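What follows is a single structure, written as structure tokens, with notes after it.
2 protein chains.
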Amino acid sequence: MATRIAVIGAGAAGATAALQARKFSRDAEITIFNEEKYSQYSRCGLPYTISGKVKDFEDLVLMPPESWASVKIDAKLGTRVTRIEHDAKKLTFEGDESGELQYDALIFATGARNADPPIEGLDKERVYGLRTLDDARVLANEAVAAKRGVVIGGGLVGMETAEAFVERGLEVTVVEFLPNCLLAMVDSDMADIVEEHCRQHGLKILTNTAAQKITGGESPEGVIVKSRQTEEVTEIPADFVVVATGVRPVTDLAESIGVNVGKSRGIVANEKMMTNLENVYAVGDCAESPEFITGTGIVAGLGTVAVRQGRVAGINAAGGDVSFPGTVGAKVTKLFGLEIASTGLTEDTANKWGVPVAKGSIKGSTKPPYFTGGNDLKLKTYYNKETGKLVGGQLVGVEDAAMRLNVLTLGIQQDIDVAELFDFENCYAPAICDTWDPLVQSADAARRRLKM
Amino acid sequence: MATRIAVIGAGAAGATAALQARKFSRDAEITIFNEEKYSQYSRCGLPYTISGKVKDFEDLVLMPPESWASVKIDAKLGTRVTRIEHDAKKLTFEGDESGELQYDALIFATGARNADPPIEGLDKERVYGLRTLDDARVLANEAVAAKRGVVIGGGLVGMETAEAFVERGLEVTVVEFLPNCLLAMVDSDMADIVEEHCRQHGLKILTNTAAQKITGGESPEGVIVKSRQTEEVTEIPADFVVVATGVRPVTDLAESIGVNVGKSRGIVANEKMMTNLENVYAVGDCAESPEFITGTGIVAGLGTVAVRQGRVAGINAAGGDVSFPGTVGAKVTKLFGLEIASTGLTEDTANKWGVPVAKGSIKGSTKPPYFTGGNDLKLKTYYNKETGKLVGGQLVGVEDAAMRLNVLTLGIQQDIDVAELFDFENCYAPAICDTWDPLVQSADAARRRLKM
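First to last, the protein sequences are chains H and U.
First residue of the first sequence: 1, per my numbering; consecutive thereafter.
First residue of the second sequence: 453, per my numbering; consecutive thereafter.
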């Protein structure tokens with residue numbers, strides 16, 4: 001009898017799982033459920049539908065609903081799984097279609113939902129999150145209708161959304177509770193550079209500032225904020241508000257059948273992406289899996305990780321045996337032309353997870369000094385103080401930051417130490433970069449410090 | 453007694469050797485000789501003095517003559533070592549200074565000289581090579597004086613020089629004997645893309661064509677060329693000619709004291725950069741050292757390798773003990789905005805050196821399909837057919853080709869196989885690249901072929 005695979009959620013992780021299961025097994029019976037009427041689209045692309053860098057909402061859809069039939073996957077869109085009886089290997093679904101389904105393997109790809117912060121007035125009209133294609137459609141309208149917006153939360157989604165509105169000519173303020181934006185990604189000194197750059201491009205940023213209340217009637221008139229340093233309270237005028245204060249894994253269905261949830265609040269999955277229940281998998285934004293260096297259980301919240309986990313779960317559910325190597329956590333974005341890139345541990349996570357680190361920090365250039373058109377590149381690499389192993393890196397610059405990060409990520413995956421990064425034979429040409437790449441220079445700086 | 457180190461040649465390799473010897477040892481007595489009156493300048497930057505991308509010739513000078521004294525290195529510029537009596541550890545020099553010098557360690561960094569092809573008329577005025585700063589000065593004048601030029605040889609130097617003249621508005625023809633340009637760097641199919649791109653930007657290229665004779669009186673009037681396919685003979689009008697048909701290692705002095713020269717015609721050096729004679733080193737364009745994958749002795753002819761070898765020889769000569777890990781051979785250039793990048797083995801060198809290869813070849817994009825502004829990226833990765841190990845890669849594209857190459861080079865240095873490249877966690881953001889980077893896609897393509 002063919003294996004029956006049920007995938008709950010058709011985002012990047014779920015859709016990839018279903019498609020890879022099909023690729024691995026011609027005769028598996030695969031069903032995928034999605035609450036949204038859409039199936040796999042690029043969530044990371046949503047902010048760019050506001051700025052117009054993604055021209056059409058439909059362009060983001062990577063797996064159009066009608067395509068599922070062609071790969072013999074039963075896609076039940078606009079449909080919610082409401083109940084699972086795992087003893088009987090049976091689930092119940094409701095929505096555009098209703099009914100029951102027997103399964104042999106179950107893949108949770110239920111994603112995350114926006115976490116609402118304790119702020120008054122979140123229930124007003126024109127207060128938005130940005131998680132779905134429908135959210136993006138509404139926000140794109142605000143780019144035309146509104147003049148002033150406030151984005152609460154200076155993480156990746158918040159900053160990318162704010163950038164989009166600034167590029168559409170709006171007056172935008174980001175309110176960040178922590179001392180800097182993007183602290184889940186980079187250290188404070190790097191974030192300072194980013195904030196300065198964004199301010200120069202017209203974005204207002206208030207850090208160390210708590211959003212307390214959205215004022216106004218049905219719609220916002222402003223956001224009352226309080227400086228955590230000076231305790232000064234001010235109101236920022238706003239026609240609309242975007243709340244981007246992070247997300248929570250969606251785990252209720254999984255928990256209902258006894259699947260374990262970890263400290264990160266994600267569903268605990270091993271390197272096969274399997275949960276504590278046999279043939280039950282969890283992938284993507286709902287799943288907790290080991291961070292590459294320390295093995296700490298983390299919810300990566302990254303598209304790259306989602307598709308890689310999805311592939312592993314899909315193949316394994318269909319009878320294969322592949323492993324997910326762990327999340328290094330390579331992250332990148334581009335704000336007003338500035339690339340911000342981070343991989344592995346930051347100073348903060350290294351401390352939190354008990355890894356003693358030394359760093360190589362340099363301010364280099366993307367081109368040799370004699371060549372016109374080079375740009376500043378601020379670069380840090382982190383090493384385990386005891387072993388000299390590369391454990392993280394951060395780059396900020398208007399070119400070649402992200403691509404350089406890739407070298408560090410592969411280096412971490414290959415467990416290289418500072419001497420090996422110093423011995424890295426970067427390519428060189430005057431029009432491209434210098435003979436000793438900034439990456440090698442940073443290893444050199446750290447090598448002296450580590451005496452390795 | 454302090455070690456006495458003599459370095460012959462103050463190019464990238466020699467200058468780095470001297471400086472690193474000083475860094476390692478405060479009291480070493482270091483003397484560096486150079487026939488040119490300049491010392492270390494960026495040879496690779498020379499073509500860009502013609503186009504103006506390097507603004508001033510002096511900008512290329514990385515180690516101005518007056519700087520040597522500040523690091524207590526005796527730099528004898530405009531001075532030639534004419535004779536070495538190695539039994540007596542003594543050398544004789546002539547030129548701006550003349551005399552004799554005792555040494556304990558000797559470093560050959562004598563570089564290479566242009567190899568003159570068998571073409572009639574090379575002795576005319578306005579027939580040039582491009583190897584020295586003085587060559588570049590003269591060629592920069594031709595960019596003003598001349599209207600039409602012919603470049604004989606479509607390797608890196610030939611193509612970069614031709615590009616520079618086209619950018620200055622001249623009519624330029626490259627004549628290449630082989631079926632394609634840049635074949636020391638990329639396979640024919642990649643070279644085809646490059647040639648097409650250069651032609652679209654106004655460069656004339658004749659491949660599979662032998663330059664036979666430079667016509668004219670004191671100065672050239674044209675170059676007579678013969679198609680190797682059709683045997684058709686034509687004359688290309690030219691006000692000046694650049695000969696860029698490759699270089700030969702300068703080894704005569706070394707050979708005079710019994711230092712071994714290898715099949716590549718370079719001075720054979722081991723991983724300590726030491727020759728067959730104790731405390732005699734060879735580095736840079738005059739040295740043959742092991743290629744990383746096969747151990748074949750090669751003259752790399754690369755600035756990156758020169759400085760790395762120079763560092764190793766300098767430290768070892770001063771009493772240290774470091775090793776050069778071998779040359780992967782990462783090469784890159786940019787022609788009319790197109791990046792051409794290559795590392796490790798090409799199909800050609802793999803065949804020549806007996807490595808059975810399988811490849812992953814893809815035509816990808818630098819951005820996700822839904823994001824505006826992505827560019828084509830043609831990419832190949834090569835693997836040892838028996839072991840699955842990554843042994844080479846080539847990329848051509850108008851952005852992010854060179855930086856992606858760096859990932860492949862580190863991969864080769866870390867001995868990764870196709871499965872490990874497939875597991876590479878590239879960074880991803882819509883404005884930067886797609887979730888499965890083209891590098892990973894190429895590994896995926898090869899993995900299927902290799903069944904790994």
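Even glycine gets a Cβ: it sits at the ideal position worked out from N, Cα and C.
Treat the numbers as computed from the prediction; the structure is a model and nothing was measured.
CA nearest to the CA of residue i, picked from the options
i, options, result
"residue 795 of chain U", "U:822, U:816 and U:847", "U:847"
"residue 307 of chain H", "U:876, U:634 and U:754", "U:876"
"residue 114 of chain H", "H:98, H:244, H:155 and H:29", "H:244"
"residue 752 of chain U", "U:727, U:716, U:769 and U:723", "U:716"
"residue 278 of chain H", "H:284, H:269 and H:43", "H:269"
"residue 368 of chain H", "H:356, H:437, H:349 and H:211", "H:437"
"residue 884 of chain U", "U:648, U:864, U:840 and U:825", "U:825"
"residue 48 of chain H", "H:248, H:262 and H:143", "H:143"
"residue 476 of chain H", "H:188, H:9 and H:348", "Outside the displayed range of chain H (1 to 452) lies residue 476 of chain H, so it cannot be described from this structure."
"residue 799 of chain U", "U:836, U:712, U:694 and U:653", "U:836"
"residue 230 of chain H", "H:179, H:201 and H:355", "H:179"
"residue 539 of chain U", "U:524, U:551, U:640 and U:556", "U:556"
"residue 732 of chain U", "U:475, U:542 and U:522", "U:542"
Element boundaries [alpha helix (DSSP H), containing residue i]
i, result
"residue 564 of chain U", "That residue, residue 564 of chain U, is in no alpha helix (DSSP H); its beta strand (DSSP E) goes 564 to 566."
"residue 896 of chain U", "890 to 902"
"residue 363 of chain H", "Note, residue 363 of chain H: premise wrong, no alpha helix (DSSP H); beta strand (DSSP E) at 357 to 365."
"residue 158 of chain H", "156 to 167"
"residue 640 of chain U", "640 to 652"
"residue 133 of chain H", "133 to 145"
"residue 776 of chain U", "Careful: residue 776 of chain U lies outside any alpha helix (DSSP H) and carries neither H nor E."
"residue 464 of chain U", "464 to 476"
"residue 330 of chain H", "Unbroken run through residue 330 of chain H: none, as it is neither H nor E."
Cβ neighbours of residue i in the same chain (closer than 6 angstroms, five flanking residues each side left out)
i, result
"residue 706 of chain U", "560 and 719"
"residue 312 of chain H", "273, 322 and 324"
"residue 473 of chain U", "457, 480, 482, 766, 769 and 770"
"residue 531 of chain U", "485, 545, 547, 548 and 549"
"residue 442 of chain H", "360, 362, 379 and 381"
"residue 173 of chain H", "150, 204 and 236"
"residue 153 of chain H", "244 and 245"
"residue 628 of chain U", "606 and 659"
"residue 434 of chain H", "368"
Classification of residue i by the beta-carbon crowding that lies within 10 angstroms, buried from 16 upward
i, result
"residue 478 of chain U", "exposed"
"residue 145 of chain H", "exposed"
"residue 486 of chain H", "No statement about residue 486 of chain H is possible, as the shown extent of chain H runs from 1 to 452 and does not include it."
"residue 404 of chain H", "buried"
"residue 58 of chain H", "exposed"
"residue 157 of chain H", "buried"
"residue 838 of chain U", "exposed"
"residue 42 of chain H", "buried"
"residue 199 of chain H", "exposed"
"residue 704 of chain U", "exposed"
Boundaries (first-last residue) of the beta strand (DSSP E) holding residue i
i, result
"residue 481 of chain U", "481 to 486"
"residue 119 of chain H", "Unbroken run through residue 119 of chain H: none, as it is neither H nor E."
"residue 171 of chain H", "171 to 175"
"residue 656 of chain U", "656 to 658"
"residue 791 of chain U", "790 to 796"
"residue 6 of chain H", "4 to 8"
"residue 350 of chain H", "Note, residue 350 of chain H: premise wrong, no beta strand (DSSP E); alpha helix (DSSP H) at 347 to 352."
"residue 126 of chain H", "Premise fails: residue 126 of chain H is in no beta strand (DSSP E) and is neither H nor E."
Own chain partners of residue i with C-beta closer than 7 angstroms, once the 5 adjacent residues on each side are dropped
i, result
"residue 679 of chain U", "660 and 661"
"residue 645 of chain U", "830 and 848"
Contact set for residue i: own chain, Cβ-Cβ below 8 angstroms, skip 5 residues either direction
i, result
"residue 534 of chain U", "544, 545 and 546"
"residue 454 of chain H", "Limits of chain H in this structure are 1 at one end and 452 at the other, which puts residue 454 of chain H out of reach."
"residue 375 of chain H", "365, 366, 367, 397, 398 and 399"
"residue 528 of chain U", "483, 484, 485, 486, 545, 547, 548 and 549"
"residue 39 of chain H", "10, 15, 32, 61, 63, 64, 65, 68, 75 and 77"
Inset, instruction - Starting from the N-terminal side, write out each stretch of the beta strand (DSSP E) that is 3 residues or longer and does not extend beyond the stretch 721 to 760 of chain U. - result: You should have 732 to 734 and 739 to 742.
Inset, instruction - Could you tell me which uninterrupted beta strand (DSSP E) segments, each at least 3 residues in length, are contained entirely in the stretch 366 to 441 of chain H, listed from first to last along the chain? - result: Complete beta strand (DSSP E) runs here, min 3: 376 to 384 and 390 to 397.
Inset, instruction - Tell me the start and end of each unbroken beta strand (DSSP E) in the stretch 39 to 102 of chain H that is at least 3 residues and wholly inside, in chain order. - result: With a minimum length of 3 residues, the continuous beta strand (DSSP E) runs that stay inside the stretch 39 to 102 of chain H are 73 to 77, 79 to 85, 90 to 95 and 99 to 102.
Inset, instruction - Run through the stretch 223 to 272 of chain H for me and flag every whole alpha helix (DSSP H) of 4 or more residues, listed as ranges in chain order. - result: Within the stretch 223 to 272 of chain H, the complete alpha helix (DSSP H) segments at least 4 residues long are 252 to 256, listed from N- to C-terminus.
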